[in-house]
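Have a look at the structure below, then the notes.
2 protein chains.
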Amino acid sequence: MSPVIPLPVTPADRAACVATEVLRRVGEKWSVLVLALLSERPHGFNELDRAIGGLSRRILTRTLRTLESDGLVSRRETPQRVEYALTGLGRSLLPLIIAIGEWAVEHASELEEARRSAVRGRT
Amino acid sequence: MSPVIPLPVTPADRAACVATEVLRRVGEKWSVLVLALLSERPHGFNELDRAIGGLSRRILTRTLRTLESDGLVSRRETPQRVEYALTGLGRSLLPLIIAIGEWAVEHASELEEARRSAVRGRT
DNA sequence: CCGCATCCGAATGGATACTG
DNA sequence: CAGTATCCATTCGGATGCGG
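From first to last, the protein sequence lines stand for chains A and B. Letter 25 of the first sequence, counting from 1, is numbered 24 in numbering that gives the first Met the number 0, and no numbers are missing. Letter 73 of the second sequence, counting from 1, is numbered 72 in numbering that gives the first Met the number 0, and no numbers are missing.
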């Protein structure tokens, strides 16, 4: 729900700003991991909790609520559990995120080198 | 520089976590816009400042420093100005970000509708 | 099993003023 | 021109404990 960027400079820049909105949301710490898990199959709440491990239930709740309100994840309440699943929208976004993950893996060495020279300090 | 996520669950999930690292960085509020501007042509500092407008120079500086230390942007100091430009790495990432922007534009109505039903409150 | 309430520390985003 | 320094507000990530 960030106010986001106020500047439609050129068409390309406008697209960039829109991208930022999405990036900032799925960039929340656990969003992508949850999306990845749900892309395999629907999960219950505690099931996700266990699969991830190392985050408090509060955070998981918030993450799921956010994803749900963005329409990327659906929440279905059944008598014995609550089932979370990817929506069609979420499923359509995932490949783009995976692509970024693959890009990162592919360029891992360059990224790391850049970071190292940065740490050495710019002269 | 976030500590990021500690869990390589499955290969796909690992890719997801790596993606998160990238998303969190380019998800910083002005990163994508700066990248978009630099993709057109190199810019000087104040040139970027004017092109964007509405952000303090401090923020612009931080944004550029971060992008530089990630190897996405280069910084070249000349007698009369400092020139920022996209690196090859940055240029290779940009299309993936643009793709996300296009996805967002394409699904804008669905996104908005999801948000509206979320605001109405879940029953 | 699936949350919500409270409280906290850290990171982000930003305004303003000053500097080589 | 290209920043730095200081200071402040907000948001994010999280620990812990209670509740239907």
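Beta carbons: idealized from backbone N, C-alpha and C, even for Gly.
Can you tell me the Cα-Cα spacing of residue i and residue j, whole angstroms?
i: B:R75; j: B:V81; result: 6 angstroms
i: A:R57; j: A:R64; result: 11 angstroms
i: B:A107; j: A:A14; result: 12 angstroms
i: B:M0; j: A:T77; result: Because B:M0 sits at a pLDDT of 44, beneath the cut-off of 50, its placement in the model cannot be relied upon, and the point is left open.
i: B:L88; j: B:A103; result: 24 angstroms
i: B:L47; j: A:S116; result: 24 angstroms
i: B:E109; j: A:D69; result: 9 angstroms
i: B:R61; j: A:W29; result: 25 angstroms
i: A:C16; j: A:Q79; result: 42 angstroms
i: A:T19; j: B:L32; result: 8 angstroms
i: B:I96; j: B:E111; result: 20 angstroms
i: A:G43; j: B:G52; result: 46 angstroms
i: A:T9; j: B:E39; result: 11 angstroms
i: A:T122; j: A:R24; result: Note on A:T122: pLDDT 43, under 50, position unreliable in the model; the coordinate value appears next. Their backbone Cα atoms lie some 36 angstroms apart in a straight line.
i: A:L123; j: A:N45; result: Here chain A has residues from 0 to 122 only, and residue 123 of chain A is not among them.
i: B:G26; j: B:L66; result: 11 angstroms
i: B:A98; j: A:A98; result: 10 angstroms
i: B:L85; j: B:E101; result: 21 angstroms
i: B:R90; j: B:S73; result: 11 angstroms
Hey, would you say residue i sits closer than 8 angstroms to residue j, going by beta carbons?
i: B:Y83; j: B:L22; result: no
i: A:L71; j: A:L34; result: yes
Looking at chain B, is there any beta carbon in it that lies within less than 8 angstroms of the beta carbon of residue i?
i: A:T60; result: no
i: A:D12; result: yes
i: A:E101; result: yes
i: A:A98; result: yes
i: A:R56; result: no
i: A:A113; result: yes
Which residues in chain B sit within 9 angstroms of residue i, going by Cβ to Cβ distance?
i: A:H106; result: G70, L88, S91, L92
Would you say residue i lies against chain A (beta-carbon separation less than 8 angstroms)?
i: B:T77; result: no
i: B:A117; result: yes
i: B:L63; result: no
i: B:L47; result: no
Using a C-beta to C-beta distance shorter than 8 angstroms, which residues of chain A count as neighbours of residue i?
i: B:V31; result: A15, C16, A18, T19, L22
Give the residues of chain A in contact with residue i, contact being defined as C-beta atoms less than 7 angstroms apart.
i: B:V25; result: L22
Can you name the residues of chain B whose CB is closer than 7 angstroms to the CB of residue i?
i: A:A35; result: A11, D12, A15
Residue i versus chain B: which residues are under 8 angstroms apart at the beta carbon?
i: A:L110; result: D69, G70, L88
i: A:L95; result: L95, A98, I99, W102
Practice prompt. Jot down the residue ranges of each uninterrupted beta strand (DSSP E) in the segment 78–109 of chain B, minimum 3 residues, whole runs only, in chain order.
Written response: If only complete runs of 3 or more residues are kept, the segment 78–109 of chain B shows the beta strand (DSSP E) at 81–85, in order along the chain.
Practice prompt. Write down every uninterrupted run of the alpha helix (DSSP H) in the segment 12–52 of chain A whose length is 4 residues or greater and which is fully enclosed by it, in chain order.
Written response: Here the runs fully enclosed are 30–39, 44–51.
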